[in-house]
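Numbering (UniProt numbering), first residue to last: 1 to 782.
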């Protein structure tokens with residue numbers, strides 16, 4: 001098929017107009033294209049493509065690939081126009097290349113970016129003018145999968161890439177990298193040169209496989225592009241990262257040789273910030289992550305050993321800001337923080353032991369000093385972990401492990417030869433806070449102090465020991481009405497419940513409830529006796545305690561003065577009548593009262609005394625002097641029982657040992673005489689004889705608690721073994737030991753020998769047995 005002469009001449013004329021227009025647009029992009037010029041050129045493209053009066057042609061380089069149904073003339077005209085445009089752009093870009101070949105460095109960059117911006121703008125205009133070709137012929141070609149056909153704008157970009165970029169890219173990239181190096185050195189550079197070239201690299205990310213799918217045109221000539229990164233990655237980013245690695249390897253090596261680690265940390269922090277800003281300013285955002293990883297490797301990972309060696313020094317000198325900086329940098333590198341956690345744990349444990357060692361001799365009997373010392377250490381390191389290490393879980397765990405270690409094993413526990421000393425001292429500190437005194441803190445302060453107690457309590461391993469001591473002290477506060485605040489007592493029980501669960505505090509809560517109910521019982525009893533004038537007239541209050549809940553046992557019975565025995569009989573009658581079937585057991589060793597003494601140097605004294613002390617003092621209304629044997633007989637107590645009560649009375653000089661050169665003790669003769677000191681004098685008119693007695697009970701309480709704890713632990717361990725074996729049926733010895741330790745770790749740390757003894761006991765009781773032919777395996781007996 002061939003074009004008619006008339007058509008051919010017309011097409012040549014149209015192309016002449018188009019060619020002149022293209023020359024104007026590409027050669028002089030500053031010249032604005034008027035609307036008339038734009039529409040004239042657009043019409044030329046339309047007219048060129050629609051001159052399809054074609055009968056036959058034998059030369060169809062593109063349409064030869066069509067099927068039989070393809071419309072021939074229009075397609076031939078489209079391919080002809082496409083080839084003409086392609087040649088025009090190629091020739092123009094070739095001319096541009098010639099103007100760049102003698103340029104280097106900044107001159108090359110300035111030339112390249114200027115030409116690129118002009119070419120890109122001109123190609124955008126041309127893309128709009130050739131919109132008809134894009135929408136029809138080019139679209140059909142693309143739909144049929146012809147990968148060597150491009151939309152007009154893309155054709156221009158591919159041509160630039162093939163002719164100019166492929167020739168100059170090595171020199172252009174080298175010039176960019178040189179500029180970036182100058183920027184890193186603090187020299188002032190023209191950022192627009194870098195950003196201009198990078199913009200070009202991103203736009204050139206068109207390849208022959210999938211570029212056209214990512215570009216669209218519309219009737220107005222606009223375009224929307226999804227930038228491809230292949231050119232940018234291969235021709236710039238790869239070399240950029242290599243240069244970055246080399247630059248900072250050299251700089252960091254030289255810097256650490258001549259400066260301190262802390263100065264290096266600041267340097268790294270600045271460099272990371274600079275590179276982040278640099279990337280945001282003129283690089284593609286996709287470079288941010290690989291750049292960061294390169295910097296982290298060179299500036300941080302390669303110097304971790306140096307950081308590790310400096311970390312403990314920074315801890316020692318409390319350089320919290322530098323520690324925060326080191327943490328912030330090292331957390332960027334996977335696994336880099338592990339050795340810091342180990343060092344922190346060792347440092348905290350060491351500082352904790354040192355702090356306690358300084359006050360060990362005094363703190364053994366001073367719970368306030370002991371707990372406050374621990375809290376001082378905790379405040380220091382909890383602040384450090386929160387502020388410098390962002391409360392990172394691993395660092396919190398390291399701190400917790402260190403505190404658990406030195407709180408439960410330190411100089412005080414070693415001197416006391418008891419791992420239970422810490423829970424005992426903490427319980428005694430709680431007693432100081434919650435007991436009435438002239439120095440009781442305000443409500444808000446007390447709440448804060450109790451919260452601090454819970455900080456220490458969290459690290460106590462033997463929480464069952466704390467429970468025993470706390471229970472005994474709470475009982476004494478409640479029985480002796482020494483609690484500073486019922487609300488504070490309730491709050492503390494609530495805190496323990498929240499941390500350890502209901503079972504841990506069930507007895508404590510019941511004790512607190514009993515104390516409240518006892519007030520109602522006392523009030524009801526007073527109303528009861530108010531209508532009975534024949535009853536006793538002693539001011540009498542009572543506490544009814546649930547058996548098995550309170551840490552008391554009936555210690556002794558003794559012969560009471562008549563006034564007291566009448567009170568007991570009267571209340572027993574009142575209570576049993578109201579609660580049929582209940583039996584009362586009187587805990588006389590826990591009772592106390594007030595007696596008034598007259599005739600001591602014309603002064604009246606009031607003595608707070610225990611039941612046994614009241615009984616003894618009332619005897620001296622009848623005689624001025626008694627032997628020890630007479631007192632024992634009258635009170636109906638053994639000598640070793642009554643002596644502690646007498647010692648406290650002798651201590652305040654209310655009674656005197658007659659004709660004896662030795663102090664009163666269990667070895668004193670039965671004939672030792674005790675006489676009332678009629679010349680007794682004291683600065684206070686109210687004298688508490690029970691305080692001296694209570695001081696002597698501290699050591700006794702510790703011994704009793706330890707025995708009680710051991711007994712309870714054996715039962716708890718046995719129960720745990722039975723639960724585990726009932727669920728598992730059969731279990732290896734080591735597995736059983738591990739599960740028991742895990743199950744009981746929140747309450748206490750069971751000793752391995754005790755667990756073994758409990759297993760043997762359960763075998764004897766036939767709860768479990770050893771498997772025949774495998775003595776290392778246990779089987780549950782159902």
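C-beta: ideal position from N, C-alpha, C; glycine also.
Looking at the structure shown, is residue 353 part of a helix, part of a strand, or coil, going by DSSP? helix
Checking 8 Å against the spacing of the C-beta atoms, do residue 484 and residue 526 come in under that value? no
Are the region 340-356 and the region 401-420 touching by the rule of at least three beta carbon pairs closer than 8 Å? yes
How many Å lie between residue 324 and residue 275 at the Cα? 21 Å
May I have a chain-ordered list of the beta strand (DSSP E) segments no shorter than 3 residues that lie completely inside the region 287-359? none
Which residues DSSP lists as bridging residue 688, in chain order: 608
Can you tell me the Cα-Cα spacing of residue 478 and residue 524, whole angstroms? 19 Å
Quick one: using the 10 Å Cβ neighbour count with 16 as the cut-off for buried, is residue 307 buried or exposed? buried
Just to check my reading of the structure: residue 179 and residue 157 have Cβ atoms closer than 8 Å, yes? What is that Cβ distance to the nearest angstrom? Not quite, the Cβ-Cβ distance comes to about 24 Å (not below 8 Å), so this is no contact.
If you draw a straight line from the C-alpha of residue 260 to the C-alpha of residue 253, how long is it? 12 Å
Does the separation of the CB atoms of residue 168 and residue 240 fall below 8 Å? no
May I have the straight-line CA-CA distance separating residue 359 from residue 442, to the nearest angstrom? 28 Å
Using the three-state DSSP reduction, which class does residue 592 fall into: helix, strand or coil? strand
In whole angstroms, what is the alpha-carbon distance linking residue 658 and residue 597? 21 Å
In three-state terms, what does DSSP make of residue 220? At residue 220, the pLDDT of 35 sits below 50, so the modelled position is not reliable; the number obtained from the coordinates is stated separately. Three-state result, residue 220: coil.
Cβ contact (3+ pairs, closer than 8 Å) linking the region 548-556 and the region 570-577: no
Less than 8 Å between the C-beta atoms of residue 295 and residue 272, yes or no? yes
Suppose the cutoff is 8 Å on Cβ atoms and the five residues either side in sequence are ignored; what does the same chain contact list for residue 97 look like? 163, 164, 167 and 168
Name the residue from 200, 48, 8 and 686 whose alpha carbon lies nearest to the alpha carbon of residue 115. 200
Per DSSP, what are the beta-bridge partners of residue 673 in this structure? 627 and 658
So which of 648, 613 and 650 has the shortest CA-CA distance to residue 634? 613
Of the choices 395, 320 and 739, whose alpha-carbon is the least far from that of residue 338? 395
Rounded to whole angstroms, how far is the Cβ of residue 488 from the Cβ of residue 446, which I believe are closer than 8 Å? 5 Å
Same chain, Cβ closer than 6 Å to residue 304, five either side skipped, listed in chain order: 336
Check this for me: beta carbons of residue 416 and residue 364, under 8 Å apart or not? yes
Which runs of the alpha helix (DSSP H), 4 residues or longer, sit entirely within the region 452-499? 463-479
Relative to the C-alpha of residue 455, which residue among 378, 686, 331 and 105 is closest? 378
So is residue 125 buried or exposed if we call it buried at 16+ other beta carbons inside 10 Å? buried
Three-way DSSP call (helix, strand, coil) for residue 73 in this model: For residue 73, the predicted model reports a pLDDT of 48, less than 50, meaning its position is unreliable; a value from the coordinates is still stated below. Looking at residue 73 - three-state DSSP - the assignment turns out to be helix.
When the Cα atoms are used, what is the spatial distance from residue 42 to residue 149? 20 Å
Please work out which residues of its chain come closer than 6 Å, Cβ to Cβ, to residue 555, disregarding the five sequence neighbours upstream and downstream, and give them in chain order. 589
Beta-carbon separation of residue 600 and residue 678 under 8 Å? yes
For a quick check, are the C-beta atoms of residue 172 and residue 204 less than 8 Å apart? no
Less than 8 Å between the C-beta atoms of residue 767 and residue 722, yes or no? yes
For residue 855, tell me which candidate among 128, 8, 112 and 88 has the shortest Cα-Cα distance. Residue 855 is absent from the structure shown; the chain starts at 1 and stops at 782.
Does the region 633-653 come into contact with the region 709-728, if we say contact requires no fewer than three beta-carbon pairs (one atom in each stretch) closer than 8 Å? no
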